[in-house]
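Residue numbers (my numbering): 5 to 73.
Here it is, written out as structure tokens:
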């Protein structure tokens with residue numbers, strides 16, 4: 005099976021998606037492939053947090069820090 009990536013104008017996307025789903029030889033996947041390296045990094049960081057070696061903070065705290073002027 006071959007795979008393609010398409011860039012579709014936002015205003016035409018729903019209609020296009022509805023159309024291609026009617027084709028019996030087309031399957032549409034909404035899955036997002038996360039690279040193995042990124043999965044491993046997330047697992048490493050989770051382990052550090054669980055061991056108390058890495059601190060976390062809430063999104064609201066992080067957002068304030070990121071967007072403070």
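By construction, the Cβ of each residue, glycine as well, lies at the ideal position given by its N, Cα and C atoms.
The structure displayed is predicted, hence computed values, not measured ones.
Check, Outcome
"Cβ-Cβ distance between residue 23 and residue 12 below 7 Å", "no"
"Backbone secondary structure at residue 48 - three-state DSSP", "helix"
"Assigned secondary structure, residue 10 (DSSP; H/G/I helix, E/B strand, else coil)", "coil"
"Run of the alpha helix (DSSP H) containing residue 38, from where it starts to where it stops", "Looking at the DSSP string, residue 38 is not in any alpha helix (DSSP H), and its letter there is neither H nor E."
"Alpha carbon of residue 76 to alpha carbon of residue 27, nearest angstrom", "An answer regarding residue 76 cannot be provided, because it is not within the stretch 5 to 73 covered by the chain."
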